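Position one of the sequence shown corresponds to residue 0 (numbering that gives the first Met the number 0), numbered consecutively onward. C-beta atoms are modelled at their ideal positions from N, C-alpha and C, and glycine is treated no differently. Computed from a predicted model, the values in this text were never measured in an experiment.
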Amino acid sequence: MSQARAESLLKSITGHIVQQCAVRGHAVSEPLAAFMVTAVVLDPRNGFSADRTLTKEDVQKLQELCLDKLWEECSPSLDTIKMQLYFEMNYASRREFFEVIHQAEESKLSPLCREITDSRGKTRGELDALYRKIVTYILLRSAMGSPTDANTVEEATAVLQSIFPQTELGAFMGLLKRDQEQQLDELTMIVTGIRLFNEASKRGEEEDESHFSICQSEGGVWVWWLPGERYLSDLCQV
Numbered sequence: 000m001s002q003a004r005a006e007s008l009l010k011s012i013t014g015h016i017v018q019q020c021a022v023r024g025h026a027v028s029e030p031l032a033a034f035m036v037t038a039v040v041l042d043p044r045n046g047f048s049a050d051r052t053l054t055k056e057d058v059q060k061l062q063e064l065c066l067d068k069l070w071e072e073c074s075p076s077l078d079t080i081k082m083q084l085y086f087e088m089n090y091a092s093r094r095e096f097f098e099v100i101h102q103a104e105e106s107k108l109s110p111l112c113r114e115i116t117d118s119r120g121k122t123r124g125e126l127d128a129l130y131r132k133i134v135t136y137i138l139l140r141s142a143m144g145s146p147t148d149a150n151t152v153e154e155a156t157a158v159l160q161s162i163f164p165q166t167e168l169g170a171f172m173g174l175l176k177r178d179q180e181q182q183l184d185e186l187t188m189i190v191t192g193i194r195l196f197n198e199a200s201k202r203g204e205e206e207d208e209s210h211f212s213i214c215q216s217e218g219g220v221w222v223w224w225l226p227g228e229r230y231l232s233d234l235c236q237v
């Protein structure tokens, strides 16, 4: 069956189901009816095959099965289908959600990105300003800290210098615009990854220190508390 024929048949079956439900006093939307048709056809227990053209008997059987399911009272399966359909129609996928955020960030950062890629600084002051703009771009793009916070800027600058020293600005300015943009994205990911690693390492050290304490019991035995472990030492009696 051609795709056009299949779509036409699906629309006809869906319309019939919606109409029959309305006659019985059940308000059923076309998306719900179409969803139910698909679910019934794909259920192997119903004996339908996607490779075989539906006969009139198949269509009648399909409509009856769909109507029976849509008319069920207190049906958990029907409620589940309704909830699934609701979420599919009203909530964007995670990929779409992040794509919207990404596009918003691109729009917000495009002026700064253009300033960086259009820069042709030659003097020390101009190169310093360009490098600071790259640091600002990385901070804004990664959303890890504010470019107005001195400590954050200092940390990000130190990380950037370890992988992209200021002496490489000349080579950067000689790249094509698209290559500059790609390198900015790569630098953002690398700098962000290093900062996240450093933050996690620092946090782990702080947790170890917070879990480590030495206390003296009534019997004069020292107790060391470490994460998940307890050590008693009779050698440290006082």
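Cβ shell of residue i (< 8 Å), same chain only, five flanking positions each side left out
i: residue 248; result: Beyond the ends of the chain as shown, which are 0 and 237, falls residue 248; an answer cannot be given.
i: residue 115; result: 129, 132, 133, 136, 179, 183
i: residue 62; result: 12, 15, 16, 19
i: residue 112; result: 136, 180, 183
i: residue 146; result: 134, 135, 138, 139, 152
i: residue 195; result: 143
Whole-angstrom distance between residue j and residue i, CA atom to CA atom
i: residue 14; j: residue 41; result: 19 Å
i: residue 118; j: residue 172; result: 7 Å
i: residue 22; j: residue 67; result: 14 Å
i: residue 161; j: residue 127; result: 16 Å
i: residue 189; j: residue 155; result: 11 Å
i: residue 123; j: residue 86; result: 56 Å
i: residue 7; j: residue 97; result: 35 Å
i: residue 45; j: residue 59; result: 13 Å
i: residue 209; j: residue 148; result: Low confidence applies here, because residue 209 scores a pLDDT of 49, under 50, leaving its location unreliable and the question unanswered by this model.
i: residue 104; j: residue 174; result: 23 Å
i: residue 168; j: residue 200; result: 31 Å
i: residue 74; j: residue 152; result: 58 Å
i: residue 4; j: residue 52; result: 10 Å
i: residue 54; j: residue 106; result: 53 Å
i: residue 71; j: residue 50; result: 29 Å
i: residue 93; j: residue 121; result: 44 Å
i: residue 95; j: residue 102; result: 10 Å
i: residue 177; j: residue 165; result: 20 Å
i: residue 89; j: residue 150; result: 42 Å
i: residue 198; j: residue 82; result: 41 Å
Residues near residue i by beta carbon distance below 7 Å, same chain, minus five either side
i: residue 163; result: 186
i: residue 9; result: 33, 36
i: residue 191; result: 141, 143
i: residue 257; result: Nothing can be reported for residue 257: it is not among the residues displayed for the chain, which extend from 0 to 237.
i: residue 84; result: 30, 31, 34
CB contact check: residue i to chain C, cutoff 8 Å
i: residue 8; result: Protein chain content of the structure displayed is limited to a single chain, and chain C is not contained in it.
Whole-Å CB distance - residue i paired with residue j, under 8 Å assumed
i: residue 39; j: residue 64; result: 5 Å
i: residue 139; j: residue 108; result: 6 Å
Return the chain-ordered ranges of every alpha helix (DSSP H) run that is complete within the stretch 5 to 54 and spans a minimum of 4 residues. 29 to 41
Only counting runs of 4 or more residues, tell me where the alpha helix (DSSP H) segments fall wholly within the stretch 99 to 149, in order along the chain. 123 to 141
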